[in-house]
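Read through the structure below, which is laid out as structure tokens, and then see the notes.
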Amino acid sequence: MAEYKNHSENWNEFQWEQEIRRDERRISCYFRELPGCLDLPGEEEMIFSSLLSQPDLVPTGGDADSLRFWLNDDQDDENFDESDDLLHRRPGADIVNEIDRLATEWNICCAAILRKDLKLHGLGIVCAFGKLLARAVDFIDTDAAAFRGLALSLGKRTIADLNELVGALENIGVLQHSLRPRIALAVELLGHVRERLIDQVEELRK
Numbered sequence: 008m009a010e011y012k013n014h015s016e017n018w019n020e021f022q023w024e025q026e027i028r029r030d031e032r033r034i035s036c037y038f039r040e041l042p043g044c045l046d047l048p049g050e051e052e053m054i055f056s057s058l059l060s061q062p063d064l065v066p067t068g069g070d071a072d073s074l075r076f077w078l079n080d081d082q083d084d085e086n087f088d089e090s091d092d093l094l095h096r097r098p099g100a101d102i103v104n105e106i107d108r109l110a111t112e113w114n115i116c117c118a119a120i121l122r123k124d125l126k127l128h129g130l131g132i133v134c135a136f137g138k139l140l141a142r143a144v145d146f147i148d149t150d151a152a153a154f155r156g157l158a159l160s161l162g163k164r165t166i167a168d169l170n171e172l173v174g175a176l177e178n179i180g181v182l183q184h185s186l187r188p189r190i191a192l193a194v195e196l197l198g199h200v201r202e203r204l205i206d207q208v209e210e211l212r213k
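What follows is the structure, given as structure tokens:
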């Protein structure tokens, strides 16, 4: 989220929502281009050129340099230990811990119990858990006092990602009946997580 927080504008949640959507288009474009450039000399420059050819992917108020910063940003990696410790002290850290625990349990289930013909579906849920976890971390890690609009937008996005994950879990339970008890429990626990997320978003609106 570092590239977002460099903006000086006091955006509301809807402006942040537009920027997050733009960021997701950048991510989608990056991974579309990656297979064709993988392990080639100048791989990052080739992808950068492709992104730069689409002006709507440049961060709002930014330029080519800001897009290059997005592509090569390693700030979060450098400060990982410090920010990870801070995250565990923030309100709502238990939400992240619960999602992480449920993701681990699904990974074990996917590897040991899921039918072979459903492995791609299972991998999709692994990715959905990863997306939800990353979004929840961004939400909890955002300084709501300084970036209230961003926190609201991320909170709503986290709830939407959770709902998509629940739908995917319920769908795979239809395909493999033996997983239904496990999935029912996971969906119930994710429902509790959803309630806590909704409470935090409502608190931000006060």
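Quick note on this note's numbering: the sequence shown kicks off at 8 and runs consecutively.
Just so it is clear, CB atoms sit at the ideal spot from N, CA and C, and this is done for glycine as well.
Within this structure, are the beta carbons of residue i and residue j separated by less than 9 Å?
i      : j      : result
Ala193 : Asp168 : no
Leu196 : Leu109 : yes
Ile102 : Arg187 : no
His128 : Ile179 : yes
Ile166 : Val208 : yes
Arg122 : Leu159 : no
What is the rounded straight-line gap between the Cα of residue i and the Cα of residue j?
i      : j      : result
Gly198 : His184 : 21 Å
Pro42  : Glu26  : 26 Å
Cys117 : Glu31  : 27 Å
Glu89  : Arg97  : Per-residue confidence for Glu89 stands at a pLDDT of 47, beneath the threshold of 50, marking its modelled position as unreliable; the derived number appears in the next sentence. Glu89 and Arg97: Cα-Cα distance of roughly 13 Å.
Glu105 : Ala143 : 11 Å
Pro48  : Gly174 : 41 Å
Leu172 : Leu125 : 16 Å
Ile115 : Leu130 : 12 Å
Trp23  : Glu51  : 27 Å
Ala151 : Ala100 : 14 Å
Arg155 : Arg33  : 24 Å
Lys138 : Glu40  : 20 Å
Based on Cα-Cα distance, which residue from the options lies nearest to residue i?
i      : options                       : result
Gln61  : Ile115, Val133, Asp206, Cys36 : Cys36
Leu176 : Ile132, Lys123, Ile115        : Ile132
Arg189 : Leu125, Glu112, Ala153        : Glu112
Asp107 : Glu210, Val200, Lys213        : Val200
Arg164 : Trp18, Asn17, Asn19, Arg28    : Arg28
Glu20  : Ala153, Asn170, Ala191        : Ala153
Within the continuous alpha helix (DSSP H) that includes residue i, where are the two ends?
i      : result
His199 : 187-212
Lys138 : 126-148
Trp18  : Unbroken run through Trp18: none, as it is neither H nor E.
Gly156 : 155-182
Arg108 : 100-119
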